[in-house]
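In UniProt numbering, the protein residues as written are 1 to 998.
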Amino acid sequence: MEPKAEQEPTWITLAGDKDEIDLFLVCDTTGSMGTYLPALKASLRQVFLVAKLLFHGRLMVHIVSYKDYCDGNGLLSTVSRRTSRNDAIVKFVDDLKPTGGGDFPEAVKTALNHVIMTVDDIRSTVSATSRALVFLYTDAPPHHQTTRSNNQSREIEAIQDNPKYRGGHDWFQLQRTLQDLGISVYTFHSPTRDYLSPSFYATMGPTVILPQLTSTIITEATMGLLLQLMAQTFEPTIGSNFARSAFTHKGEPFDQSFSAQDETNIPPASSLMVTNETFVLAPLEWMKEDLNGLLPLFGRDSDFRNLVMKTFEVIFRPENVLAVTYNPIFGKLWRLCCRQRLDPRLDDLTAKLSQCVPTLTGGAKVQVSQWLEESYNDSQRIRDAVANAAPLGPCFTLDIGHLSMSKASIRSLARAPQPGVLEGVQNILARLQYHQFPPAYSDKEDDDLTHLPLSLSNEDLFSFLPHLMFPGTTLSQRGAALVALVCCLSNHIHLYDRAAEYLTLIQGTWLPFDYAVEFPEIFSAEFIQLLYRGQAYLTPFEQQVYRQLFVVHRLRLAATKDVDVVVGYTPQKDSLWPDRKARCHTCGYDTSLSLMVSPTLCAMCVTYGDDAPTLQANTVVSGNESHIVECHDCHGIYAVLQVARLGTAAKCWFCRTNNVPLQPPPKTSCSGCLNQFIDPAGLYRADGSPSNGWLCPVCTDAPVRATTMMSVPFNALMQANPHVAVAHGWTTDKVKSAFVEMVFHTPYDSMFKQFTQKQAVLLATSPTNDPATVLHMAMHFQGKAILQSSAICESLKAIVLTDALRDVCNMCFEEFSLPCLSSACGRCPTKVCTPCLTKWFGAAQPGHLVSPAMLACAFCRGFPTLGVLRKYNRDACALKMDSRSVIEPNTYYGWCLGCYRVKRMMKRDCTRDPPLDEVAFRCAECVDAHAAVDLEWILVESQECPNCHAHTEKAGGCNHITCICGQHWCFECATGFDTAQLVYDHMYTSHRDDGGNE
1 MEPKAEQEPT
11 WITLAGDKDE
21 IDLFLVCDTT
31 GSMGTYLPAL
41 KASLRQVFLV
51 AKLLFHGRLM
61 VHIVSYKDYC
71 DGNGLLSTVS
81 RRTSRNDAIV
91 KFVDDLKPTG
101 GGDFPEAVKT
111 ALNHVIMTVD
121 DIRSTVSATS
131 RALVFLYTDA
141 PPHHQTTRSN
151 NQSREIEAIQ
161 DNPKYRGGHD
171 WFQLQRTLQD
181 LGISVYTFHS
191 PTRDYLSPSF
201 YATMGPTVIL
211 PQLTSTIITE
221 ATMGLLLQLM
231 AQTFEPTIGS
241 NFARSAFTHK
251 GEPFDQSFSA
261 QDETNIPPAS
271 SLMVTNETFV
281 LAPLEWMKED
291 LNGLLPLFGR
301 DSDFRNLVMK
311 TFEVIFRPEN
321 VLAVTYNPIF
331 GKLWRLCCRQ
341 RLDPRLDDLT
351 AKLSQCVPTL
361 TGGAKVQVSQ
371 WLEESYNDSQ
381 RIRDAVANAA
391 PLGPCFTLDI
401 GHLSMSKASI
411 RSLARAPQPG
421 VLEGVQNILA
431 RLQYHQFPPA
441 YSDKEDDDLT
451 HLPLSLSNED
461 LFSFLPHLMF
471 PGTTLSQRGA
481 ALVALVCCLS
491 NHIHLYDRAA
501 EYLTLIQGTW
511 LPFDYAVEFP
521 EIFSAEFIQL
531 LYRGQAYLTP
541 FEQQVYRQLF
551 VVHRLRLAAT
561 KDVDVVVGYT
571 PQKDSLWPDR
581 KARCHTCGYD
591 TSLSLMVSPT
601 LCAMCVTYGD
611 DAPTLQANTV
621 VSGNESHIVE
631 CHDCHGIYAV
641 LQVARLGTAA
651 KCWFCRTNNV
661 PLQPPPKTSC
671 SGCLNQFIDP
681 AGLYRADGSP
691 SNGWLCPVCT
701 DAPVRATTMM
711 SVPFNALMQA
721 NPHVAVAHGW
731 TTDKVKSAFV
741 EMVFHTPYDS
751 MFKQFTQKQA
761 VLLATSPTND
771 PATVLHMAMH
781 FQGKAILQSS
791 AICESLKAIV
801 LTDALRDVCN
811 MCFEEFSLPC
821 LSSACGRCPT
831 KVCTPCLTKW
841 FGAAQPGHLV
851 SPAMLACAFC
861 RGFPTLGVLR
871 KYNRDACALK
881 MDSRSVIEPN
891 TYYGWCLGCY
901 RVKRMMKRDC
911 TRDPPLDEVA
921 FRCAECVDAH
931 AAVDLEWILV
941 ESQECPNCHA
951 HTEKAGGCNH
961 ITCICGQHWC
971 FECATGFDTA
981 QLVYDHMYTS
991 HRDDGGNE
């Protein structure tokens with residue numbers, strides 16, 4: 001039988017046989033604590049929350065509230081984790097009120113006796129080996145003859161009457177009893193100028209006189225004490241200023257080592273000297289905890305992980321959050337929480353923390369921000385890994401030089417490997433120095449470890465590389481994998497082999513496609529481009545995903561790129577073109593073969609009968625030339641005789657009369673220009689050549705006129721020929737059409753959405769490289785066949801895979817990616833960048849000086865389309881313009897706020913500056929009209945709302961009216977619309993008065 005594997009310890013079992021600890025938080029809650037107590041309550045909550053996390057459940061918190069003997073039943077109230085739930089303790093703290101206490105000293109002796117009684121009870125009934133300590137919060141001394149209290153005798157009587165109060169009423173008897181029980185006492189005293197009160201507590205144990213009574217100070221002092229007792233380092237924050245108060249009497253320490261027969265022998269406070277010492281306290285052996293041991297537990301112990309999550313849920317509140325800032329272990333635990341991307345609780349925690357930090361002010365906000373930054377510091381893990389590696393073998397160091405990369409950018413690598421970040425990573429890799437032995441200066445301690453041994457595991461090596469530049473900075477597995485990938489792609493001389501080995505080892509584990517919703521960043525454009533280059537290190541499925549996503553990404557980038565294609569000529573009716581004719585036996589005229597219904601009968605005779613000869617005589621063109629046109633519907637070429645009567649789009653007789661669309665007109669295709677000729681009688685085809693090699697008259701007689709080149713946007717070409725998607729990997733007809741629609745009809749869908757919602761189309765098939773498939777692929781655009789379509793198809797494929805996909809803006813002449821360039825006006829082909837179009841069309845503003853030229857396209861001088869104007873200057877959609885009006889060069893024009901037209905503002909004069917500061921221009925006509933307002937004018941010039949019929953006067957601005965009844969309508973024609981945008985669209989199309997320039 002195989003031996004059972006030893007089970008790894010859990011959060012509870014890791015405590016081993018360590019003793020249980022009872023922490024008593026003893027609080028004076030009398031009226032004089034009115035300032036102290038509210039701050040203390042926040043601190044108590046925080047300490048209680050983190051204590052369970054730090055001590056593996058072996059620390060039990062007790063809270064003891066005491067007042068004085070004049071307060072009746074409110075003298076003493078307690079709550080204990082041994083007998084109460086967490087929520088009961090929190091409620092107890094929240095309910096504490098600073099009331100009572102009739103004089104200066106309070107019943108602290110009674111409270112300490114209660115602690116002794118509770119410890120006795122625990123050790124006799126629950127755990128004989130339990131340990132105990134007291135944190136005492138007070139602003140007043142105990143009852144004593146020097147403090148002159150009316151309640152002293154009542155306290156003495158009460159303690160004597162309770163046999164379990166074996167500490168007695170004498171201060172030094174209490175001291176000895178606590179010491180015999182091994183109960184350490186630590187006091188936090190309120191600020192004071194008189195050392196009478198704190199001097200009493202100095203004989204019980206270390207005493208800290210707090211500089212201020214704020215929750216920040218109290219929490220920091222308490223957590224600082226707790227951590228030091230655990231043998232953990234603690235560095236007070238800047239500005240805390242609290243210290244341990246050390247008393248001396250006649251040169252001898254006046255502390256817990258001082259003892260007297262009874263409290264009547266206590267020295268007067270005036271004989272004591274006090275000095276402030278550094279806030280450093282010796283650890284207690286039974287309090288020691290290895291907090292770094294908590295980190296491995298997070299991954300393997302679900303109970304501990306749940307506790308951490310639950311603790312952060314309560315702590316991430318403005319009143320509690322400072323508790324986690326005093327030890328880096330909480331930052332490490334928070335980093336581990338942040339890696340639980342699949343845990344729905346993480347979103348709530350992140351939201352709570354992001355809402356919490358802005359509400360903090362001053363030092364507290366700085367403190368939490370610094371804690372968050374420090375939480376990324378993985379120095380201890382790095383030191384441990386380096387210590388376990390070969391100490392004297394080969395290693396890497398970094399020649400830092402002038403690197404301008406930030407910690408935040410290197411940490412963002414796993415989320416968004418942007419070019420700037422990858423450049424920084426490459427700069428680090430380029431400055432790596434290989435050493436056969438560690439340099440002499442590489443034995444520094446702490447965060448200054450300046451070398452990484454080659455004996456580190458691959459995972460640690462690539463994860464720790466940023467540490468050489470930013471001490472303590474490490475990368476997640478995905479970040480480390482990306483660094484390794486950069487090493488492979490750049491053939492790094494020292495790291496290529498290690499990187500390839502590491503990527504092979506983790507192949508299939510670091511790209512969580514099954515959890516795409518939780519990790520959307522792996523579908524960013526930067527990620528796709530990098531992983532496409534590194535396909536060799538991915539699984540076949542990962543290769544397919546990133547290959548297809550890369551193609552989609554590149555297709556979208558190429559969408560507006562102009563592709564030059566050659567198509568057959570498009571004849572114009574006014575020109576004569578080479579043709580072939582046959583003689584009609586009925587009318588006796590030579591007629592184009594496209595109009596011969598039989599070898600001996602022309603269409604004119606069939607249609608017009610006896611009138612045909614007359615019509616032929618009036619339209620005859622001698623020789624082998626004709627007026628020919630292209631049918632708008634079937635794109636067949638045919639001759640036109642009565643040219644003057646063709647005033648609409650040309651349509652052949654078959655398309656005009658054929659009611660059966662599935663029966664195409666009889667046509668013969670030219671093998672040269674690929675145009676199709678209407679051939680009713682089949683005479684073109686029978687013209688002495690086989691059908692597959694027939695050349696049309698234009699290709700034969702005037703080959704230079706047979707073809708024309710046109711520029712077609714890439715996306716328009718793809719949408720017209722979805723079957724070309726086969727060149728990019730999508731082979732079936734259904735998938736090809738869906739693919740083209742996915743790429744170009746929904747261009748704003750993210751790659752993440754493509755993968756999660758359209759995966760069936762995205763991953764339908766892998767790319768094909770079958771040249772035969774591409775060779776026989778015919779292409780068309782606007783009904784015309786494209787010549788050399790196979791070459792065009794190969795060109796499209798090359799554009800997607802290799803083209804720079806960049807062009808120059810024709811206004812600023814800067815280079816941009818193609819998606820950043822668009823038509824200057826929506827009509828002309830001139831490409832301009834978005835900033836230039838915004839500056840050009842956005843310059844005109846209501847009420848301001850206007851340059852009329854800037855309301856039109858800078859290149860073709862036509863008015864921009866509605867889409868362009870809506871994007872760059874929506875107000876201008878409502879501007880009334882007349883392209884037929886004359887712009888006088890010696891006049892300044894402005895945008896009138898009254899009639900919303902471009903009107904004369906003032907004459908140009910070389911002695912006057914242009915009115916650039918005008919912001920409320922109204923033309924003379926509008927000023928005069930409003931100066932003579934009367935009832936008749938209102939009835940004539942107002943409009944009724946189409947909904948509520950209220951008479952409305954337009955005082956100025958555009959014609960978009962929003963009535964008080966909620967109706968959007970146009971003031972020009974009183975037409976109502978559902979939205980403001982529809983009103984603007986209507987005004988542009990119906991009332992712009994631009995002379996028909998659409």
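Glycine included, C-beta positions come from ideal geometry on N, C-alpha and C.
Any idea if residue i is buried or exposed, counting beta-carbon neighbours within 10 angstroms, 16 or more meaning buried?
{"i": "residue 999", "result": "In the structure displayed, the chain extends from 1 to 998; residue 999 sits before or after that span and is not available."}
{"i": "Ser149", "result": "buried"}
{"i": "Arg81", "result": "buried"}
{"i": "Leu210", "result": "buried"}
{"i": "His632", "result": "exposed"}
{"i": "Val704", "result": "exposed"}
{"i": "Cys948", "result": "exposed"}
{"i": "Pro680", "result": "buried"}
{"i": "Thr561", "result": "A small fix is needed here, since residue 561 is Lys in this sequence, not Thr. Its Cβ being crowded by 16 or more others within 10 Å, Lys561 is buried."}
{"i": "Ala798", "result": "exposed"}
{"i": "Gln642", "result": "exposed"}
The beta strand (DSSP E) spanning residue i covers which residue range?
{"i": "Lys581", "result": "581-583"}
{"i": "Trp577", "result": "576-578"}
{"i": "Asp22", "result": "21-28"}
Between which two residues does the alpha helix (DSSP H) harbouring residue i extend?
{"i": "Phe172", "result": "171-180"}
{"i": "His553", "result": "540-557"}
{"i": "Trp334", "result": "328-338"}
{"i": "Leu398", "result": "Premise fails: Leu398 lies in the beta strand (DSSP E), 395-398, not in any alpha helix (DSSP H)."}
{"i": "Lys52", "result": "36-54"}
{"i": "Glu313", "result": "302-315"}
{"i": "Ile218", "result": "215-229"}
{"i": "Phe755", "result": "751-757"}
Checking 8 Å against the spacing of the C-beta atoms, do residue i and residue j come in under that value?
{"i": "Gln788", "j": "Val566", "result": "yes"}
{"i": "Ala686", "j": "Val698", "result": "no"}
{"i": "Leu549", "j": "Val800", "result": "no"}
{"i": "Met742", "j": "Val724", "result": "no"}
{"i": "Asp378", "j": "Gly293", "result": "no"}
Could you name the residues that DSSP lists as bridge partners for residue i?
{"i": "Glu815", "result": "Val808"}
{"i": "Ala785", "result": "His780"}
{"i": "His627", "result": "Leu576"}
{"i": "Gln676", "result": "Gly636, Ser669"}
{"i": "Pro142", "result": "Glu106"}
{"i": "residue 1010", "result": "This structure does not reach residue 1010, given that the chain is present from 1 up to 998, and the question cannot be answered."}
{"i": "Met710", "result": "Val565"}
{"i": "Trp969", "result": "Ile961, Gly976"}
{"i": "Gln943", "result": "Thr952"}
{"i": "Ser77", "result": "Ser65"}
If we define contact as Cβ-Cβ less than 8 Å, is residue i a contact residue for chain D?
{"i": "Asp139", "result": "In the structure shown, chain D does not exist; there is a single protein chain."}
Can you give me the Cβ contacts of residue i inside the same chain, cut-off strictly under 8 Å, excluding the 5 residues immediately before and after it?
{"i": "His986", "result": "Cys970, Thr975, Phe977"}
{"i": "Phe816", "result": "Arg806, Asp807, Val808, Cys809, Cys833"}
{"i": "Val50", "result": "Met223, Thr311, Ile315, Ala323, Val324, Phe330"}
Confirm the yes/no value for this check: CB of residue i, any heavy atom of the ligand NAP, distance under 7 Å.
{"i": "Thr311", "result": "This structure lacks the ligand NAP, and indeed carries no ligand of any kind."}
Given residue i, which residues of its chain have a CB within under 6 Å of its CB, disregarding the five upstream and five downstream residues?
{"i": "Gly34", "result": "Pro98"}
{"i": "Ser737", "result": "Pro722"}
{"i": "Leu468", "result": "Leu398"}
{"i": "Glu2", "result": "Below a pLDDT of 50, predicted positions are generally treated as unreliable, and Glu2, at 44, falls in that range; the measurement from the model is reported next regardless. So the list is empty, once near-sequence residues are dropped."}
Cutting at 7 Å between CB atoms, please list the residues of its own chain near residue i, excluding the five before and the five after it.
{"i": "Gln426", "result": "Val486, Ser490"}
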